[in-house]
Amino acid sequence: MTYTKATIQDFLGSLFPFEQLTSPTLTKLSQKSQLLRYRMGQPILVADKMPHQVAIVYEGQARLLGYDQTNRKTVPLQLLQPGAIIGWVSLIRGVPCETATASEESVCLTIPAGEFLAVMSREPDVVAVFQNRCTLVEAFELLGAEFARQASRVTNLKDVAKEACIEAVVRYLPPSVKSLDKLELEPDRFWFVSGGGTIENCPVGSQLDVSDSSTPIQVNGTTPARIVGFRQSDLLVLNDQPPVPVEVVSDPWLEANEGVPQTADGEQQITEIPYASDDIPEAPESDQKTVEKRRKYPHVRGTGMLNGTLACFQMLSQYWQMPFRRDVMRRIMTDQINRTGSLSLPLCGAIADLLGLHAQLVNVPPSAVSRLEVPALVRWHESFAIIYEVSEREIVLGVPELGIVRRKKADLIDTLIERETQDGLPPGSIPVLLLKRTKQTPKQRFGLQWFLPSLRRYRRVLVEVLIASFFVQLFGLANPLMIQLIIDKVIVQNSIDTLHVLGIFLLVVAIFEAVLSSLRTYLFVDTTNRIDMSLGSEIIDHLLRLPLRYFERRPVGELSSRINELENIRQFLTGTALTVVLDAIFSVIYIVVMFIYSWVLTLVSLATIPLFVLLTLIVSPIVRRQLRAKAERNAETQSYLVEVLSGIQTVKAQNIELRSRWQWQERYARYVSSGFQTVLTSTAAGSTSDFLNKLSALLVLWVGAYLVLDQQLTLGQLIAFRIISGYVTSPLLRLARIWQNFQETALSLERLSDIVDS
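In numbering that gives the first Met the number 0, the protein residues as written are 0 to 757.
Okay, here's the thing in structure tokens:
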């Protein structure tokens, strides 16, 4: 005799809470299910792998096991009778936590994890039953981790967990929640993060502080965070009680499923049931994503000790949306490397303190890695890496050289321990720099997006300026076409009447172009002045509201030079950016027109473009570094001059005019020298760009003349093509200058953010 799908459907329909499923859903679920036989002692689920199936004990018995993290041993928790459901807890939490083995020859009805989750998503009443229940294994894991953190040696952890889970309450924190004041969490309970969406600074297993309901909280991702509350009276641990031997624990679900129908002749019926594989597979990636959508963590690429460490701190700044002071951190790290030849975790902790973070250097045993508070900083080969996420299944790291890396816990521990052993540190522990955001941690509020409200307010006028510029460029295209007609039609055919018509047309185009240019300039200047007034007032208002300690740490001249950076940023957004947009649009149009004339001549004209790109890639980092140095020298010079003039009475009284002048000259000489280096680099880049532009024009004339002699092109077409190709190469010639403006704007944003982000 064999089991039929009707037998499975009847079995599922008799179980709580599957009895609440509709008949079509129950039929579909039974068709996807499978009966598997397990030998005595064979594992059904293991806690280090996400379940690939939900198992229901059909015949026989199974033993549910837990791992006591304090005593470091496996503890039998529960004897599972027919009707017991296992595997769903891990899927609901998104954290593998269940270990179950067959205590005798047993049969289980298995449901694929993906199918189980799909049914739960369509049945809100049934999924509510699963989601709102705290099981013994979940309570045992959460309380065991808490007692291990407190170094409390508990001999009766199973009894404590058994008592606590009966009155435990499950709550879910949606991603939209910002504080705990509206969640009505009972203060007489201990609340633990159990799974679901990750709560910032609160990894799975940590206790949630609900004493101050106004404390801000952030749930990352799109999945609600699952938290479990235990009554404080249930956690009064009595260490003198001996462990209780294994017994059948009273479970409301098992009591509800005690009436499950049993088969009459089990031995005859289970002969057709296959044995389960000894190798327990992990849940497929798609099933795991259904449980918990993976969060996209920030990554910044960097190689080497210096750039890799800078990339780590930039990733932290993006993760917490903090302002990033690259120049300050680079200077500190460079000095440290010059003195000691390396960078250390203690130094990284000092830099984290400068950023406004709370840093703590700890040595973590390998068994406690999965309970780390993230993000954290660890050594990684010659640089560092950011630990973004930890679980028993895998650990997610941000490695500057590799990207976002997901490693199994055991593999990562071996890598980290091997690294520390090579450094001569004692084995058995991993140095980790724990990082936390505090109330004083600054938030990044300043960037190009800070200007968007002002630009959006005047978007109509700016669109009109863009349209006017578009037509000015379009009229510029008419000039070479008319010149071609004059040469090919008028001069060659001696047509005087056509000459007058084309001449009048060119005159009208020139008049319209002049009028549009004047209107565009008027609208543009008027709008930029309004934006300057609005942004300048906002900056000054914010500056005057800053606390006194901000001004005590910064010279007056430096603040003045930082405020002046606003003009550079505004000019780039409303001027240079507009030019880049127009150049990008019309370069494509001009290239299409050039291909219509001659594809050979077009390829010759565009042959120098890769050289322009290469020049920009080489020169841009050099120019950026020199501009930063020039800005710093200028700030030092202006700051010292303002301080001298402000304290001129002291200077006169102490007769240090000559000394003050020498110090000013020394600072000013450094500023002039930095400016000279920038001019040399810009001049070299500009001269190279001019040469490439002339080379392009020479090649066009050379090849074009050959095509004219070969009668593949007329003289008028060659001249028109020459003018149009100039429209294409001229924007490329300005690319070096535009890129330099972009570097200056980025530096201005970095300097002005010191005021706005404070």
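Just so you know, even glycine gets a beta-carbon here, dropped at the ideal spot from N, CA and C.
Within 10 angstroms of its Cβ, does L354 collect 16 or more other Cβ (buried), or is it exposed?
Working through the sequence shown from its first residue, we reach residue 354 at position 355. Classification for L354: buried.
Between T98 and V159, is the Cβ-Cβ spacing less than 9 Å?
Within the sequence shown, residue 98 is the residue found at index 99, counting from 1. Within the sequence shown, residue 159 is the residue found at index 160, counting from 1. Contact flag unset, no.
For the ligand ZN, is there a heavy atom less than 8 Å away from the beta-carbon of A112?
Absence of the ligand ZN is noted for the structure shown, with no ligands found whatsoever.
In the structure shown, what three-state DSSP assignment does G195 receive?
One-based indexing of the sequence shown puts residue 195 at position 196. In the structure shown, G195 sits in a strand (DSSP, three-state: E or B).
Local conformation of I595 per DSSP, three classes
In the sequence shown, the residue the question calls residue 595 occupies position 596. Here I595 sits in helix by DSSP.
Going by DSSP, which residues form a beta bridge with R230?
Within the sequence shown, the letter at position 231 stands for residue 230. Residue pairing from DSSP places R230 in a beta bridge opposite R188.
Taking Cβ to Cβ, would you say R669 is nearer than 9 Å to R632?
Within the sequence shown, residue 669 is the residue found at index 670, counting from 1. Within the sequence shown, residue 632 is the residue found at index 633, counting from 1. R632 is positioned such that its CB atom lies closer than 9 Å to that of R669.
Is it buried or exposed, I7, if we count other Cβ atoms within 10 angstroms and call 16 or more buried?
Counted from its first residue, the sequence shown places residue 7 at position 8. It counts as buried.
Does DSSP classify Y274 as helix, strand or coil?
Here residue 274 is taken as the residue at index 275 of the sequence shown, counted from 1. DSSP, reduced to helix, strand and coil, places Y274 within a strand of the structure shown.
Quick one: Cα of F115 to Cα of L28, how far?
Here residue 115 is taken as the residue at index 116 of the sequence shown, counted from 1. Here residue 28 is taken as the residue at index 29 of the sequence shown, counted from 1. One C-alpha to the other measures close to 8 Å.
In chain order, what residues of the same chain have a beta carbon less than 6 Å from the beta carbon of Q240, not counting five sequence neighbours either side?
Within the sequence shown, numbered from 1, the residue matching residue 240 stands at position 241. Reliability fails at Q240, whose pLDDT of 42 lies under 50, so the model's placement of it is uncertain and the value that follows must be treated cautiously. Excluding residues within five positions, the ones whose Cβ falls inside 6 Å are N155.
Cα separation between L376 and P173?
Translated into the one-based positions of the sequence shown, residue 376 becomes position 377. Translated into the one-based positions of the sequence shown, residue 173 becomes position 174. Cα-Cα distance, rounded: 28 Å.
Could you give the distance in angstroms between the alpha-carbon of A758 and the alpha-carbon of T713?
Examination of residue 758 is not possible in this model, given that the chain is present from 0 through 757 alone.
Three or more C-beta pairs below 8 Å linking the region 89-107 and the region 57-74
In short, these stretches touch, since the Cβ pair count reaches three.
Would you mind stating whether L505 and I538 have Cβ atoms separated by less than 9 Å?
Within the sequence shown, the letter at position 506 stands for residue 505. Within the sequence shown, the letter at position 539 stands for residue 538. At the C-beta level, L505 and I538 stay beyond 9 Å of one another.
What residues in its chain sit with their C-beta under 6 Å from that of P297, if we drop five residues either side in the sequence?
As a working note, residue 297 is residue 298 in the sequence shown. Excluding sequence positions up to five before and after P297, its CB lies within less than 6 Å of the CB of M314, Q317, Y318, all in the same chain and listed in chain order.
Can you tell me whether Q19 is buried or exposed, with buried defined as 16 or more other CB within 10 angstroms of its CB?
On the sequence shown, residue 19 is found 20 positions in, with the first residue counted as 1. Counting of Cβ neighbours within 10 angstroms places Q19 among the exposed residues, the total staying below 16.
C-alpha distance - Y457 paired with L558, whole-angstrom precision:
As a first step, residue 457 must be located in the sequence shown, where it is residue number 458. As a first step, residue 558 must be located in the sequence shown, where it is residue number 559. Their backbone Cα atoms lie some 29 Å apart in a straight line.
Name the one or two DSSP bridge partners that R660 has.
Numbered from its first residue, the sequence shown carries residue 660 at position 661. None; R660 has no bridge partner.
Output needed for I466: all residues of its chain with C-beta closer than 6 Å, excluding positions within five of it in sequence on either side, in chain order.
Locating residue 466 in the sequence shown gives position 467, counting from the first residue. Taking I466 as the centre and dropping the five residues before and after it, the same chain places no C-beta closer than 6 Å to its C-beta.
Please list, in chain order, all residues of the same chain as C133 whose beta carbon is under 6 Å from its beta carbon, the five residues on each side excluded.
For the purposes of this step, residue 133 is taken as the residue at position 134 of the sequence shown. Cβ within range, chain order: C164, A167, V169, V227.
How close, in whole Å, do the beta carbons of I110 and V53 come, if the pair is a contact with beta carbons under 8 Å?
Taking the first residue of the sequence shown as 1, we reach residue 110 at position 111. Taking the first residue of the sequence shown as 1, we reach residue 53 at position 54. By a beta-carbon distance limit of 8 Å, I110 contacts V53. Their separation comes to about 5 Å.
Once DSSP output is grouped into helix, strand and coil, what is the label at K48?
Residue numbering aside, residue 48 sits at position 49 when the sequence shown is read from its first letter. Secondary structure of K48 (DSSP, three-state): coil.
Going by DSSP, what residues sit across from Y66 in a beta bridge?
The count along the sequence shown starts at 1 and reaches residue 66 at position 67. Residue pairing for Y66: DSSP places it in a beta bridge opposite T73.
Could you compute how far the alpha carbon of V760 sits from the alpha carbon of L433?
This structure cannot settle anything about residue 760, because the visible part of the chain is limited to 0 through 757.
Can you tell me the Cα-Cα spacing of A138 and R330, whole angstroms?
Along the sequence shown, read from residue 1 onward, the residue named residue 138 stands at position 139. Along the sequence shown, read from residue 1 onward, the residue named residue 330 stands at position 331. Cα to Cα, A138 sits roughly 49 Å from R330.
Which value, in whole angstroms, describes the spacing of the CA atoms of Y521 and M332?
Position 522 of the sequence shown holds residue 521. Position 333 of the sequence shown holds residue 332. Cα to Cα, Y521 sits roughly 49 Å from M332.
I think Q33 touches S105, with their Cβ atoms under 8 Å apart; what is that distance to the nearest whole Å?
In the sequence shown, the residue the question calls residue 33 occupies position 34. In the sequence shown, the residue the question calls residue 105 occupies position 106. In fact, because the Cβ distance is near 15 Å, the residues do not count as touching under 8 Å.
Given a cut-off of 9 Å, decide if Q625 and A682 are closer than it, judged by their beta-carbon atoms.
Reading the sequence shown from its first residue, position 683 is the one you call residue 682. Reading the sequence shown from its first residue, position 626 is the one you call residue 625. Reading the sequence as shown, one finds Thr at residue 682 and not Ala. In this structure, Q625 does not lie closer than 9 Å to T682 by Cβ.
For the beta strand (DSSP E) that contains I647, what are its first and last residues?
What you label residue 647 is simply residue 648 of the sequence shown in a count that begins at 1. Where I647 is concerned, there is no enclosing beta strand (DSSP E), although the alpha helix (DSSP H) it sits in stretches over 647-653.
How about V88 and P16: are their beta carbons less than 9 Å apart?
The residue you call residue 88 lines up with position 89 of the sequence shown. The residue you call residue 16 lines up with position 17 of the sequence shown. Their beta carbons are not under 9 Å apart, which means V88 does not touch P16 by this criterion.
How close, in whole Å, do the beta carbons of R519 and S468 come, if the pair is a contact with beta carbons under 8 Å?
Taking the first residue of the sequence shown as 1, we reach residue 519 at position 520. Taking the first residue of the sequence shown as 1, we reach residue 468 at position 469. Between R519 and S468 the beta-carbon gap is near 6 Å, inside 8 Å, which marks them as a contact.
Rounded to whole angstroms, what is the Cα-Cα separation between P345 and M304?
One-based indexing of the sequence shown puts residue 345 at position 346. One-based indexing of the sequence shown puts residue 304 at position 305. Looking at the two C-alpha atoms, the distance is approximately 15 Å.
Look at the alpha carbon of S619 and the alpha carbon of Q206, and state the distance between them as a whole number of angstroms.
Within the sequence shown, residue 619 is the residue found at index 620, counting from 1. Within the sequence shown, residue 206 is the residue found at index 207, counting from 1. So the alpha carbons of these two residues sit roughly 49 Å apart.
Going by DSSP, what residue range makes up the beta strand (DSSP E) through T100?
Within the sequence shown, numbered from 1, the residue matching residue 100 stands at position 101. Per DSSP, the continuous beta strand (DSSP E) segment holding T100 begins and ends at 98-101.
Does the Cβ of V203 have 16 or more other Cβ atoms within 10 Å, making it buried, or fewer, making it exposed?
On the sequence shown, residue 203 is found 204 positions in, with the first residue counted as 1. The residue in question, V203, is buried, as its Cβ has 16 or more Cβ neighbours within 10 Å.
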